[in-house]
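Here the structure is laid out as structure tokens; the discussion comes afterwards.
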Amino acid sequence: YSCFHCDRMENFHSILAGEKQVVLVPPGQRDVLNSTRFASQKQWLLVPMPGPNKPGEYMSSTLFTSKQSECTSDQSAVHPFRSPEENRKVSKGQWPDRVDFPVRFGTLRKGDTLYIPAYHWHWVATSTPPSLGLEDDGALALSVNFWWWPIHNDKAMERWSYQNECESFQNARIPVSKPLPERAAHALSFYQLTMKQRQEAAVPKPWPTGSSKEDRHPKPAEQRDGYTSKVEVDTSIKFELVD
Numbered sequence: 002y003s004c005f006h007c008d009r010m011e012n013f014h015s016i017l018a019g020e021k022q023v024v025l026v027p028p029g030q031r032d033v034l035n036s037t038r039f040a041s042q043k044q045w046l047l048v049p050m051p052g053p054n055k056p057g058e059y060m061s062s063t064l065f066t067s068k069q070s071e072c073t074s075d076q077s078a079v080h081p082f083r084s085p086e087e088n089r090k091v092s093k094g095q096w097p098d099r100v101d102f103p104v105r106f107g108t109l110r111k112g113d114t115l116y117i118p119a120y121h122w123h124w125v126a127t128s129t130p131p132s133l134g135l136e137d138d139g140a141l142a143l144s145v146n147f148w149w150w151p152i153h154n155d156k157a158m159e160r161w162s163y164q165n166e167c168e169s170f171q172n173a174r175i176p177v178s179k180p181l182p183e184r185a186a187h188a189l190s191f192y193q194l195t196m197k198q199r200q201e202a203a204v205p206k207p208w209p210t211g212s213s214k215e216d217r218h219p220k221p222a223e224q225r226d227g228y229t230s231k232v233e234v235d236t237s238i239k240f241e242l243v244d
């Protein structure tokens with residue numbers, strides 16, 4: 002599973018195979034998650050392991066400790082399906098006793114898409130197709146994200162961003178050498194980055210057509226095969242709203 006975390010961008014999360022349990026916590030609430038990005042980072046990785054006859058004979062898991070002391074996003078050790086006693090230990094007694102706002106639970110299955118708004122905390126547990134009795138869907142759970150920079154609610158999002166920043170410093174699990182940004186400086190940085198991202202997003206980008214080098218950087222038509230050709234491609238994206 003992926004622990005509680007939040008992202009600065011909007012996201013459509015679509016399931017291609019497998020199943021996911023999702024828990025959403027709205028932003029701007031009291032600090033019940035005890036989240037921080039300043040902590041030692043450990044991850045379970047799938048790696049080839051040596052067998053009795055030759056190396057790399059089978060795949061196994063190993064615990065990897067990163068040298069990086071600051072994560073790219075704030076994270077929480079709260080597990081919404083563990084006992085209240087366990088969650089009280091990792092949340093300084095906040096979860097679940099001081100959760101006085103809606104927490105949303107849901108299940109995503111193949112073909113489902115979930116909109117995860119920017120700054121909404123989310124926890125996700127993944128089940129592979131074989132564990133669900135769906136062997137024909139393959140061995141792995143698959144999903145795809147479509148991210149975009151927020152285009153509304155700037156004032157609220159800047160406030161949520163600074164709240165997360167303050168709580169991240171307050172809840173740090175390792176020494177932090179840099180100071181907490183001042184309120185005005187954080188706001189200036191937030192709006193400058195937001196403007197930059199929107200300006201970059203407004204520049205049209207070519208739609209990818211393949212994976213080869215020539216597909217990524219095609220030659221002009223008159224340079225291909227010694228003759229000029231004209232190809233018309235419909236690059237419009239069509240949407241259907243379903244109630």
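Residue numbers for the sequence shown follow the numbering used here, so the first one is 2 and each next one is one higher. Where is the CB? At the ideal position from N, CA and C, for every residue including glycine.
Same chain, Cβ closer than 6 Å to residue i, neighbours up to 5 away in sequence not counted
i	result
V48	T63
K21	L109, V125 and T127
F147	F13
P85	P97
G107	V23
R105	L25
Burial state of residue i (16 or more Cβ within 10 Å)
i	result
Y192	exposed
L141	exposed
L181	exposed
M158	buried
D75	buried
H153	exposed
D137	exposed
I175	exposed
S162	buried
S92	buried
I238	Here the model assigns I238 a pLDDT of 38, short of 50, so the residue's position is not dependable and the matter cannot be decided.
M196	exposed
Inter-residue CB distance, residue i and residue j (contact presumed, cutoff 8 Å)
i	j	result
C7	H121	6 Å
P130	G19	5 Å
N35	N172	5 Å
S144	L17	6 Å
V26	F5	7 Å
G52	R160	Contact flag wrong, Cβ pair sits at about 55 Å.
E11	P207	Not a contact, Cβ separation roughly 23 Å.
Proximal residues to residue i (C-beta, below 7 Å), its chain only, five neighbours per side dropped
i	result
G139	A18 and P130
S77	C4, F5, L34, N35 and S36
Q198	W150
V177	F39 and F170
P81	V24 and W124
R31	R99
K90	none
A119	D8, R9, M10, E11, P151 and M158
C-beta neighbour in chain C for residue i, strict 8 Å
i	result
H80	No chain C appears in the structure shown, which is made up of a single protein chain.
Spatial neighbours of residue i in its chain, beta-carbon cut-off 8 Å, leaving aside the 5 residues before and after
i	result
W45	S62, T63, L64 and F65
R184	Y163
T114	F13, H14, S15 and I16
E71	R38 and F39
K43	L64, F65, T66 and S67
Y59	P49, M50 and G52
Would you say the stretch 198-209 touches the stretch 78-97, given that touching needs at least three Cβ pairs under 8 Å? The stretch 198-209 is not in contact with the stretch 78-97.
Length-filtered (3 minimum) beta strand (DSSP E) runs lying within the stretch 95-161: Listed in chain order, the beta strand (DSSP E) runs fully inside the stretch 95-161 are 105-110, 114-117, 122-128 and 143-149, counting runs of at least 3 residues.
Count the CB pairs spanning the stretch 163-171 and the stretch 35-46 that are closer than 8 Å, and state whether there are at least three. Note that the stretch 163-171 touches the stretch 35-46; at least 3 beta-carbon pairs, one per stretch, sit closer than 8 Å.
In the stretch 21-48, which residue ranges form an unbroken beta strand (DSSP E) of at least 3 residues, counting only runs that do not cross its ends? The qualifying runs are 37-39.
Along the chain, which unbroken stretches of the alpha helix (DSSP H) at least 4 residues long are found entirely within the stretch 158-202? Complete alpha helix (DSSP H) runs here, min 4: 184-202.
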